[in-house]
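K.L.:
Chains as they are written, first to last, in numbering that gives the first Met the number 0: chain A, 0 to 264; chain B, 0 to 264; chain C, 0 to 264. Each residue gets a CB set at the ideal place from its N, CA and C atoms; glycine is no exception.
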Amino acid sequence: MQMERIITLTTDFGLKDPYLGAMKGSILSVNAAARIVDITHMITPGDIREGALVLKDAFAYFPPGTIHVGVVDPGVGGARRPVLIETARFLFVGPDNGLFSPALEKEKVLRVIHLTDKRFFSKTVSPTFHGRDIFGPVAAHLSLGADPSGFGVSIEGIEGLAGPEPKREEGSVAGSVIYIDSYGNLITDIEEGDIESLRSSPIEVVIKGRSLDGIVETYSGVEEGALAALIGSSGRLEVAVNLGSAQKLLGAGVGERVAVRVKKR
Amino acid sequence: MQMERIITLTTDFGLKDPYLGAMKGSILSVNAAARIVDITHMITPGDIREGALVLKDAFAYFPPGTIHVGVVDPGVGGARRPVLIETARFLFVGPDNGLFSPALEKEKVLRVIHLTDKRFFSKTVSPTFHGRDIFGPVAAHLSLGADPSGFGVSIEGIEGLAGPEPKREEGSVAGSVIYIDSYGNLITDIEEGDIESLRSSPIEVVIKGRSLDGIVETYSGVEEGALAALIGSSGRLEVAVNLGSAQKLLGAGVGERVAVRVKKR
Amino acid sequence: MQMERIITLTTDFGLKDPYLGAMKGSILSVNAAARIVDITHMITPGDIREGALVLKDAFAYFPPGTIHVGVVDPGVGGARRPVLIETARFLFVGPDNGLFSPALEKEKVLRVIHLTDKRFFSKTVSPTFHGRDIFGPVAAHLSLGADPSGFGVSIEGIEGLAGPEPKREEGSVAGSVIYIDSYGNLITDIEEGDIESLRSSPIEVVIKGRSLDGIVETYSGVEEGALAALIGSSGRLEVAVNLGSAQKLLGAGVGERVAVRVKKR
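(1) Give the residues of chain B in contact with C:VAL75, contact being defined as C-beta atoms less than 9 Å apart.
(2) For the candidate residues B:ILE206, B:TYR182 and B:ARG80, whose alpha-carbon lies nearest to that of B:SER153?
(3) Please decide whether B:ALA31 counts as near chain A, where near means a Cβ-Cβ distance under 9 Å.
(4) State the Cα-Cα distance for the pair C:GLY224 and A:PRO94, rounded to the nearest angstrom.
(5) Compare the Cα-Cα distances from B:GLY45 to each of A:GLY254, A:LEU248, A:GLY252 and A:VAL240 and report the closest residue.
(6) Give me the subset of the stretch 59–72 of chain C whose CB atoms are less than 8 Å from a CB atom of chain B, sorted by chain position.
(7) Since C:PHE89 and C:THR65 are thought to touch, with beta carbons under 8 Å apart, how far apart are those beta carbons, to the nearest angstrom?
(8) Just tell me which of A:LEU52, A:GLY77 and A:TYR18 has its CA closest to the CA of C:VAL266.
(9) Please return the same chain residues whose Cβ sits closer than 7 Å to the Cβ of B:ASN30, not counting the five positions on each side in sequence.
(10) Buried or exposed: C:LYS15, going by 16 or more other Cβ atoms within 10 Å of its Cβ?
(11) Between which two residues does the alpha helix (DSSP H) carrying B:TYR178 extend?
(12) Among all the DSSP beta bridges, which residues are the ones paired with B:LEU229?
(13) From C:ASN184 to C:LEU249, what does the alpha carbon distance come to, in whole angstroms?
(14) Tell me, please, whether the CB atom of C:ASP180 is closer than 9 Å to any CB atom in chain B?
(15) Express the C-alpha separation of C:LEU8 and C:THR39 in angstroms, rounding to a whole number.
(16) Give the range of the alpha helix (DSSP H) segment to which B:SER25 is assigned.
(17) Considering just the uninterrupted stretch of the beta strand (DSSP E) at B:GLY69, what are its terminal residues?
(18) Determine the closest residue to B:LEU242 out of C:GLN246, C:GLY74 and C:LEU54, with distance taken between C-alpha atoms.
(19) Rounded to a whole number of angstroms, what is the C-alpha to C-alpha distance between A:GLU164 and A:ALA102?
(20) Closer than 8 Å by beta-carbon distance: list the chain C residues that pair up with B:LEU242, in chain order.
(21) Applying a beta-carbon distance threshold of less than 9 Å, which residues of chain A neighbour C:ASP56?
(22) Mind checking A:SER277: buried by the 16 CB within 10 Å criterion, or exposed?
(23) Please check if any C-beta of chain A sits within less than 9 Å of the C-beta of C:LEU194.
(24) Cβ of C:GLU190 within 9 Å of Cβ of C:LEU236?
(25) Out of B:LYS247, B:ALA87, B:THR86 and B:SER148, point me to the one whose CA is closest to B:ILE112's CA.
(26) Using a Cβ cut-off of 7 Å, which residues of the stretch 123–143 of chain C contact any Cβ in chain B, in chain order?
(27) Quick test of your reading: C:VAL253 and C:THR187, contact by CB under 8 Å. State the CB separation rounded to the nearest angstrom.
(28) Does B:GLY183 have its Cβ less than 9 Å from a Cβ in chain E?
(29) Could you tell me the distance, in whole angstroms, from the CA atom of B:LEU83 to the CA atom of B:VAL92?
(30) State buried or exposed for B:ASP193, treating a residue as buried only when at least 16 other CB atoms are found within 10 Å of its CB.
(31) CB A:TYR233 to CB A:ASP37, shorter than 9 Å?
(32) From C:GLY69, C:GLY97, C:ILE179 and C:ILE157, pick the residue whose C-alpha is nearest to that of C:GLN246; which is it?
(33) So with Cβ pairs under 9 Å, would you call B:ASP11 a contact of chain A?
(34) Can you grab the Cα-Cα spacing for the pair B:GLU49 / B:ILE202, in whole Å?
(35) Is the separation between the beta-carbon of C:VAL71 and that of C:ASP11 shorter than 9 Å?
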């Protein structure tokens, strides 16, 4: 039986090269009824951290049973393992290089399978394109209802992504910009919960020597062209400009320090 | 019952950020069988006029019953109303900020509903992402066959988009470039009908001090590298270069003046 | 009966303009159940050779019966013929301008039909947009099971794409870069088979005065930042940089000469 299970794709393939088409063809050759949904193919080539972040902020909105394939895989064909991760709600397929670890923080992982059974791969596996020859076909077989345990051997744990975390102190939280979106909004690693306790007092958000007064609800909560700090749609503190680009206005990039602190009287 | 009604998306989300994936996930979580077709996600951030133009030139080619979702929404969470517009052929869902008004010029509007019934929204509605939390879910419920009248209260009229219009005089029409496509073709606001009466005489098209002799049928109707004026596939006068870019050759941008006039003897 | 036959699209439309949406709408208006898969829309405007290469490297991964539509069509409305090509496995629809000839090298062509029957076109055919008004609707009718022979008159042969080919000599093969992918990998026209006989001896790959020692299996087969020559996923020799861009490192473009030769002792 052919099932219409959803397969999402998050890659750094770009949208011009034949790679994406080849991978989709490869999926559809296993399950012609597979429903493929692009999350993105515009991850900076090889930037696992960026891919992990985009996947983390998108995957949970899909219906249970969705198969999330991630391919940001600069070590393709090398030591990193191709894996299938089953959680209470979803399946994840891709390289075990940290790409999935942020998404899994709030997921209940049931098992991790090292993909070793070549019956689920393309007949010929290119050492440089596992998206087309391993991850795509595996996802397609999963979409047909194949049991995850048949794809390989169960292993313990997956690779993490080490990195700086926001630092909470008395009356302040210090974090940094981790992503800049296409509107030029500066997305930080400071989450809503990190600053909840501060918000009973008047607070300020400090970035690049500028102090923003409090946190607003919407981009249009400040005047046109003005800077605003707000909790974005992913629950993270972001710095934006109403009808403009905070990236341009501040000349800020990924890594820029951001602090939230209770205002001094 | 799940229906395969088509939902199109026209947004300024770009193709890299998690926003598009989250919105698609949100739609599919309401109707896993929804068929989502991208019109574009590359509208210049916040450029309602540009979004309106692309939507206008694409929507009418879809089959009747299609649900067109538009999200170019710089005022998200502010005063502009989220709306559902039902016409004789289509449904439109998005912010009431002018985005749909050009598309509706030739449509028979049956009713406009202010989206107020939260049963059709996501459980939590981010003040900065109505695409994911209101417009997507509403479109998905519509795709399942929900009656438009149940989504909120009926209102009169929608926001328009004021702007310059072509000026018709005796023997001439003066307009301007309103869009530049990816080929570098300069698309104007002068429509085929605007210049029909002039075409019984020899005419010229004037832009940036250049005079183009008459209107040709195809890009290849002039020599390689030469400028051509023609009626493009959307019925508008455009200025193009055969196998080249009129934008580059002329150094012209949106707003550039263009005139069509009967040639002096 | 409506069938879910797959239609792929390879165009130079870009992703912002209304053209792609209009073409998809046009397909879905003929067959609302058509399954459209994008190969790419990012071909450099009018670059038939580039479009042909991307299509060639992607089409064969799709399931038999897939309808491949290609629209890189700078001569639209002019002398080139709109065609339908039936091979043992696939159908191809688009302009007869060389776009399909590389893909067909290894396909068994059964017949070529000059598309002349207007019953399968849109009611109005724009002279500048056959993608929307001819190729899209024709593909949609094919997806409904229409017999290829009904679309027009059978013709002999299609246009080719002349160009340089790799030159094999005693102990060496000389070729050139034909495509640069989004990772900055330099893809050459030298195929795996071209250099098979050389590989019994130690070989070197020469580009821009640099000599690369032998051919590695994977990008990570050399140190980070180092140049590598390898057989890419399409079976062609490529020059890459591990975790970097060969395009940037070498300052090389399409047309750059590349040689593979047996090392001198």
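P.N.:
Let's see:
(1) THR217, TYR218 and SER219
(2) It is B:ARG80 whose Cα lies nearest to the Cα of B:SER153.
(3) Under the 9 Å criterion on CB atoms, B:ALA31 is classed as interfacial with respect to chain A.
(4) Taking the straight line from one Cα to the other gives about 21 Å.
(5) A:VAL240
(6) none
(7) 6 Å
(8) Here chain C comprises residues numbered 0 to 264, so residue 266 of chain C is not present and cannot be evaluated.
(9) GLN1, ALA139, SER142 and LEU143
(10) Per the 10 Å Cβ criterion, buried.
(11) Careful: B:TYR178 lies outside any alpha helix (DSSP H), inside the beta strand (DSSP E) at 171–179.
(12) B:VAL215 and B:GLU237
(13) 11 Å
(14) no
(15) 7 Å
(16) 17–29
(17) 66–70
(18) C:GLY74
(19) 16 Å
(20) GLY45 and PRO73
(21) ASP16, PRO17, TYR18, GLY20 and ALA21
(22) In this structure chain A extends from 0 to 264, so residue 277 of chain A is not present and cannot be described.
(23) A quick correction: the sequence has Ile, not Leu, at residue 194 of chain C. No - not a single Cβ of chain A is within 9 Å of the one on C:ILE194.
(24) yes
(25) B:SER148
(26) SER125, PRO126, THR127, PHE128 and ARG131
(27) About 10 Å separates the two Cβ atoms, so there is no contact after all.
(28) The structure shown contains no chain E; the protein chains it does contain are A, B and C.
(29) 5 Å
(30) Around the beta carbon of B:ASP193, a 10 Å sphere encloses 16 or more other beta carbons of the protein chains shown; the residue is thus reported as buried.
(31) At residue 233 of chain A the sequence reads Ser, which differs from the Tyr that was named. Cβ distance not < 9 Å, so A:SER233 and A:ASP37 don't count as in contact.
(32) For C:GLN246, the nearest C-alpha among the options comes from C:ILE179.
(33) Against chain A, the CB of B:ASP11 has a partner CB under 9 Å away; the residue lies at that interface.
(34) Roughly 29 Å separates the two Cα atoms.
(35) yes
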